[in-house]
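First to last, the protein sequences are chains A, B, C and D.
Just so you know, we're using this note's numbering here: the first sequence kicks off at 7 and counts up by one.
Just so you know, we're using this note's numbering here: the second sequence kicks off at 7 and counts up by one.
Just so you know, we're using this note's numbering here: the third sequence kicks off at 7 and counts up by one.
Just so you know, we're using this note's numbering here: the fourth sequence kicks off at 7 and counts up by one.
Down below is the structure, laid out as C-alpha cells.
Protein chains: 4
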Amino acid sequence: MEPAGAHGGEMAEQKKPAKTKHRKNRLEAFSDGVFAIAITLLVLEIAIPVEKGEGERLLSGLLHEWPVYLAYFISFMTIGAVWMEHSSLVDAIDHIDGVFMRLNLVLLLFCAFLPFPTRIMSEFAGDVAGERVAVVFYGLVLLMMTLMLLVMGRHAESEGLFGDDLEDERKEKARVKYQLLPGLIAYIVGGALGLLSPKLGIVIYLLIAIYLAIPIRDVTRLYRKRA
Amino acid sequence: MEPAGAHGGEMAEQKKPAKTKHRKNRLEAFSDGVFAIAITLLVLEIAIPVEKGEGERLLSGLLHEWPVYLAYFISFMTIGAVWMEHSSLVDAIDHIDGVFMRLNLVLLLFCAFLPFPTRIMSEFAGDVAGERVAVVFYGLVLLMMTLMLLVMGRHAESEGLFGDDLEDERKEKARVKYQLLPGLIAYIVGGALGLLSPKLGIVIYLLIAIYLAIPIRDVTRLYRKRA
Amino acid sequence: MEPAGAHGGEMAEQKKPAKTKHRKNRLEAFSDGVFAIAITLLVLEIAIPVEKGEGERLLSGLLHEWPVYLAYFISFMTIGAVWMEHSSLVDAIDHIDGVFMRLNLVLLLFCAFLPFPTRIMSEFAGDVAGERVAVVFYGLVLLMMTLMLLVMGRHAESEGLFGDDLEDERKEKARVKYQLLPGLIAYIVGGALGLLSPKLGIVIYLLIAIYLAIPIRDVTRLYRKRA
Amino acid sequence: MEPAGAHGGEMAEQKKPAKTKHRKNRLEAFSDGVFAIAITLLVLEIAIPVEKGEGERLLSGLLHEWPVYLAYFISFMTIGAVWMEHSSLVDAIDHIDGVFMRLNLVLLLFCAFLPFPTRIMSEFAGDVAGERVAVVFYGLVLLMMTLMLLVMGRHAESEGLFGDDLEDERKEKARVKYQLLPGLIAYIVGGALGLLSPKLGIVIYLLIAIYLAIPIRDVTRLYRKRA
Numbered sequence: 007m008e009p010a011g012a013h014g015g016e017m018a019e020q021k022k023p024a025k026t027k028h029r030k031n032r033l034e035a036f037s038d039g040v041f042a043i044a045i046t047l048l049v050l051e052i053a054i055p056v057e058k059g060e061g062e063r064l065l066s067g068l069l070h071e072w073p074v075y076l077a078y079f080i081s082f083m084t085i086g087a088v089w090m091e092h093s094s095l096v097d098a099i100d101h102i103d104g105v106f107m108r109l110n111l112v113l114l115l116f117c118a119f120l121p122f123p124t125r126i127m128s129e130f131a132g133d134v135a136g137e138r139v140a141v142v143f144y145g146l147v148l149l150m151m152t153l154m155l156l157v158m159g160r161h162a163e164s165e166g167l168f169g170d171d172l173e174d175e176r177k178e179k180a181r182v183k184y185q186l187l188p189g190l191i192a193y194i195v196g197g198a199l200g201l202l203s204p205k206l207g208i209v210i211y212l213l214i215a216i217y218l219a220i221p222i223r224d225v226t227r228l229y230r231k232r233a
Numbered sequence: 007m008e009p010a011g012a013h014g015g016e017m018a019e020q021k022k023p024a025k026t027k028h029r030k031n032r033l034e035a036f037s038d039g040v041f042a043i044a045i046t047l048l049v050l051e052i053a054i055p056v057e058k059g060e061g062e063r064l065l066s067g068l069l070h071e072w073p074v075y076l077a078y079f080i081s082f083m084t085i086g087a088v089w090m091e092h093s094s095l096v097d098a099i100d101h102i103d104g105v106f107m108r109l110n111l112v113l114l115l116f117c118a119f120l121p122f123p124t125r126i127m128s129e130f131a132g133d134v135a136g137e138r139v140a141v142v143f144y145g146l147v148l149l150m151m152t153l154m155l156l157v158m159g160r161h162a163e164s165e166g167l168f169g170d171d172l173e174d175e176r177k178e179k180a181r182v183k184y185q186l187l188p189g190l191i192a193y194i195v196g197g198a199l200g201l202l203s204p205k206l207g208i209v210i211y212l213l214i215a216i217y218l219a220i221p222i223r224d225v226t227r228l229y230r231k232r233a
Numbered sequence: 007m008e009p010a011g012a013h014g015g016e017m018a019e020q021k022k023p024a025k026t027k028h029r030k031n032r033l034e035a036f037s038d039g040v041f042a043i044a045i046t047l048l049v050l051e052i053a054i055p056v057e058k059g060e061g062e063r064l065l066s067g068l069l070h071e072w073p074v075y076l077a078y079f080i081s082f083m084t085i086g087a088v089w090m091e092h093s094s095l096v097d098a099i100d101h102i103d104g105v106f107m108r109l110n111l112v113l114l115l116f117c118a119f120l121p122f123p124t125r126i127m128s129e130f131a132g133d134v135a136g137e138r139v140a141v142v143f144y145g146l147v148l149l150m151m152t153l154m155l156l157v158m159g160r161h162a163e164s165e166g167l168f169g170d171d172l173e174d175e176r177k178e179k180a181r182v183k184y185q186l187l188p189g190l191i192a193y194i195v196g197g198a199l200g201l202l203s204p205k206l207g208i209v210i211y212l213l214i215a216i217y218l219a220i221p222i223r224d225v226t227r228l229y230r231k232r233a
Numbered sequence: 007m008e009p010a011g012a013h014g015g016e017m018a019e020q021k022k023p024a025k026t027k028h029r030k031n032r033l034e035a036f037s038d039g040v041f042a043i044a045i046t047l048l049v050l051e052i053a054i055p056v057e058k059g060e061g062e063r064l065l066s067g068l069l070h071e072w073p074v075y076l077a078y079f080i081s082f083m084t085i086g087a088v089w090m091e092h093s094s095l096v097d098a099i100d101h102i103d104g105v106f107m108r109l110n111l112v113l114l115l116f117c118a119f120l121p122f123p124t125r126i127m128s129e130f131a132g133d134v135a136g137e138r139v140a141v142v143f144y145g146l147v148l149l150m151m152t153l154m155l156l157v158m159g160r161h162a163e164s165e166g167l168f169g170d171d172l173e174d175e176r177k178e179k180a181r182v183k184y185q186l187l188p189g190l191i192a193y194i195v196g197g198a199l200g201l202l203s204p205k206l207g208i209v210i211y212l213l214i215a216i217y218l219a220i221p222i223r224d225v226t227r228l229y230r231k232r233a
C-alpha cells in the first residue's frame, strides 16, 4: 500500500526493516477492511418503518424514524473519525511490533462491535428506561475505541516505534492532547449525563463525532487564506 | 496501492509529499472497501418471492419480481459509476488535504446508505403512494452522491490539489461538464417527474446510471477504429 | 498493489503508462473487495435448521441440511475459481481501458448477485418443481460469470491490452481453450440436464467448480516430481 | 501491497519473479478482505435480547446474554490469530504456486464459514443437548483452520517457496512447533472434552485463542526490558 519507492532514502535499507514495513502494510490493509465493513454494515440495521401495502404512511414513517438516522450518522462519523486518527497514527510510526498488532486487533474488536449498540440505540429511542441503558452501553463502546487509540499511541511512543522522526511524535502528542483526551473525557461526561437524560447523552456523542472529524489545522488555514 | 517506483521522477522527492501520497493511498483503499461492500450488500435486500414448499410458483414469482432486479441493477450501476468517477478524480489529483478526506467521508456516507432506499424502492413497487415517496427519497441519495463528487472536484481545484499537471485538471473539468453536471440536473428532473409518475422517475435514474457508466472517449475510439 | 519498483525496466517509463497502471491497481483492489465480500456473504444465507430449545434435534437437523452446505461449497469454489481466473487475466494484461473497466463491472454484478440464487437453491432443495427453476437460474448466473471472463479476455486481445508480452497472451489463450470454454459448455449442458434432473445439474456445477479450481500445470509438475 | 522499492537488491530481478510477487500481493489483498469481512460479520449474528417496548428489561437481557458475547469474542480472537499467523507465513515465503493459492482458498472457506457455528453456539447456550453438538461442530471448524495453516506451511517448505532465506524457514518451523501444533492438539482435546462438558470445551477454545494471539517473543522482550 505504501509507495515505498518514493522514499528515496530508504533504498539502501536492510532487509529487516523492509519486512516490518510489509507487516505495517498488511495491518493497514486489514484494518481498512474492518473499518470499511463496519461503517457499511450499519445500514443493515435500519428497518423499513411501515409494512408493504401501507405506502400512504411511508413518508410520515420515514420522517418519524429520525432517531434511527441520527444513530446511523453518529456511528458513521465516529468510525470515520477513528479511521482518520488510526490512519494518522500508523502513518506517523516507523514500524510496528507484535504488541501493537494485538492492540490494533482490540481496537478493531470494538469497532466491529459498534453496529450492535447502534441497533439497540435506534430500537429503544423513545422508551425512557431502555434508552438510558442503550445510551450508556453505546457510549462505553465509543469510549473503548478512543481509549485503544490512546493506548496504541502510548505503546508506540514507549517502544520507540516512531523511529527518529521527532516531527511525527510531536504531531501525535498534539493529537492526543487536543483531540483524543478531550474526546475521552467527553465520552465519560456524555455517558454520565446520559443516565440522567438519554437525549443529552446522544447530543454529546454527536458533538464529539463532529469534533473528532474536524481537521482543525486545515480549517484554520482555509479561513486565514480567505480572510 | 500506487506503483510509486514507476514514477521515475519522484525518486528524489522530499519526505512530506511521500507522506501525503501515503494518505492518498489509504483514502483509496478505505473508499474502495466501502464502495465494494455497499455494491455487494445490495443483494441481501432481495427476498425470495415465494414460501418454502411452493416450488411450482417459484418461476412466476421470480419473473414477477422484476422491479426488485431493476432497483438492484440501477443501484449497482450507479455505485459502479460513482466508483469510476471517484477513481478518475483521486487519480488525477496530486495530493489530498484534511478537508478532502472529510468530503470523501460524506460521499461514502451516502454511498453506504444507498442499500436502504434501494430496499424501500423494491418493497413499494406497484404501490402508487409509496412508490412516489420511495422514488424521490432514492433520487435524493443519488443526487447527493453526484453533488459530493462535484464538491470534491471543486475543492481540489481551488486548493491546488491537482499539482502542476494541467492535463489532469482539464480532464476533470471536462468530466464535470459532460458527465457530472448533466447527471446532477437529470437527477433533479427525474425526482420531480417521479412525483408525477414514479415509473418515469425510475427510467430516468436507469438512463443516468448507464450514461455515467459509458466511457464516451473509449467508445468513440472503438467506433472510429472499426469504421 | 503491484510492486512496481521491482520492474527494473519500468523506471524510465513515461507518465501516462504509470497512470493506467495505477488504474489497473485500483481495478484489482475494488474487484478483490467485491469477490471477497460476495464469497463471505454466502454464509449469511445459511439458516439454523432447528428452533431454540430443540437442542436434541440439532445434530440430525445439521446433517439433514447437506444441500445447503453443498450449495455453499459450490458457490464458494466457483467465486474462488473466478477470482483466480480474473487474477491471472489482469496480471497478464499490460494496461486497461475504459471498456475493460465496464466489462469488469458487469462480471462483478453477476458475482455479487450469486448469493441470491445460492439461497434459492438451498431453500428449494427437495422440492422438485422449485429445484428445477432454482438449478437453471443458478446455472445462468454461473454461466454469465464465465462468459464475462471470456469477453474480457477477447477484448484485451483485440485492443492489444496484453502489450508486447506474447507469452502472457499465449497463456491466456491456453486458459480460454482448456478451462473457460469447456466450463462454459459444461454450464449449458448442466443447466439443460438440470431441467430433466435437478440433482444431476448440481453435480455438474460441482464438478465444474472443482475443475476450474485445479491448477493443472502445478499438479502435473508435483506429480512428475514425486514419480 | 508490498513496498517493493524498499528491497534495494530486487531492482535488478527478472520479470518472472516480479509476476509471482504480484500474485502473492493479490493473494494477500483477497485474503485480508475475507478475514476482515468474516471478523466483522460476526456482529450480525447477535440479536437484541428483548422486544421493543420492554426497555426496563434491556439491562438484565444484555447481561444475561454473556454466552453470545463470549462466542463473539472467541471467534473474533481466533480469526484475528489466524490472520496474524497467515500474515507471518505469507510474509516469510518468497513466492507462491498454484497449489498454495488453492490451499489458501480452503483456509478462507473455513474462515468465512465460522460465523455460522458461532451463531449456533450462542443460540444453544444453556440447552445441554444442543450445546454439546454446537461445541463439537464449532471446534471442528476451528481445528480445520489451524490444520490448513499447517498444511500450507508444509507445502511451502517441501516446494521451496521460502526461497533462500533460511531465517524465514526457521521462524516458520518455530511457529509450527510452539503455536500451531499445540493449538491443533488443544482443539482435539477441547472438542473431546466438549462432548462430556460443553462449558469446558468453550473455555479451552477461549484459552487457545488467547494463546495463539500472544506474541511470545515480544512479551518476553518487554518483560526483560522492564525487569
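We treat Cβ as the ideally placed atom computed from N, Cα and C, and that holds for glycine.
Chain D within 9 angstroms of residue i, Cβ atoms only
{"i": "S63 of chain A", "result": "The displayed chain sequence assigns Arg, not Ser, to residue 63 of chain A. No, no contact with chain D."}
{"i": "S93 of chain C", "result": "yes"}
{"i": "V134 of chain A", "result": "yes"}
{"i": "T46 of chain C", "result": "yes"}
{"i": "I220 of chain C", "result": "yes"}
{"i": "A98 of chain A", "result": "no"}
Neighbour flag for residue i against chain C, beta carbons, 9 angstroms
{"i": "Y217 of chain B", "result": "no"}
{"i": "V40 of chain D", "result": "yes"}
{"i": "H70 of chain D", "result": "no"}
Cutoff 9 angstroms: residue i Cβ touching any chain B Cβ
{"i": "M90 of chain A", "result": "yes"}
{"i": "G59 of chain A", "result": "yes"}
Through-space distance from residue j to residue i, alpha-carbon basis
{"i": "V105 of chain B", "j": "I99 of chain A", "result": "23 angstroms"}
{"i": "G200 of chain C", "j": "L146 of chain B", "result": "44 angstroms"}
{"i": "H28 of chain C", "j": "S94 of chain B", "result": "10 angstroms"}
{"i": "R230 of chain D", "j": "Y211 of chain C", "result": "58 angstroms"}
{"i": "R138 of chain A", "j": "S81 of chain D", "result": "29 angstroms"}
{"i": "M151 of chain B", "j": "I216 of chain B", "result": "16 angstroms"}
{"i": "Y78 of chain C", "j": "I126 of chain C", "result": "11 angstroms"}
{"i": "K179 of chain D", "j": "S164 of chain D", "result": "12 angstroms"}
{"i": "Q20 of chain A", "j": "F168 of chain A", "result": "A caution first: Q20 of chain A carries a pLDDT of 40, below 50, which makes its placement in the model unreliable, though a value can still be read off. Cα to Cα, Q20 of chain A sits roughly 18 angstroms from F168 of chain A."}
{"i": "L190 of chain D", "j": "N31 of chain A", "result": "29 angstroms"}
{"i": "M83 of chain C", "j": "I102 of chain B", "result": "40 angstroms"}
{"i": "A118 of chain B", "j": "V112 of chain C", "result": "20 angstroms"}
{"i": "L48 of chain D", "j": "A192 of chain D", "result": "24 angstroms"}
{"i": "M107 of chain A", "j": "V209 of chain A", "result": "33 angstroms"}
{"i": "L69 of chain B", "j": "A162 of chain B", "result": "46 angstroms"}
Min CB distance residue i to chain A below 9 angstroms
{"i": "F36 of chain B", "result": "yes"}
{"i": "M158 of chain B", "result": "no"}
{"i": "V49 of chain D", "result": "yes"}
{"i": "R125 of chain B", "result": "yes"}
Runs of alpha helix (DSSP H) wholly within the stretch 74-157 of chain C (minimum 4 residues, chain order): 104-119, 121-129
With a cut-off of 8 angstroms, do at least 3 Cβ pairs link the stretch 115-122 of chain D to the stretch 44-55 of chain C? yes
Determine, using beta-carbon pairs with one atom in the stretch 127-139 of chain A and one in the stretch 56-72 of chain D, whether at least three such pairs fall under 8 angstroms. Flag = yes, the stretch 127-139 of chain A and the stretch 56-72 of chain D touch.
Cβ contact check for the stretch 38-46 of chain C and the stretch 32-45 of chain D: 3 or more pairs under 8 angstroms: yes
Segment contact, 8 angstroms Cβ cut-off, at least three pairs: the stretch 150-158 of chain A with the stretch 177-188 of chain A: yes
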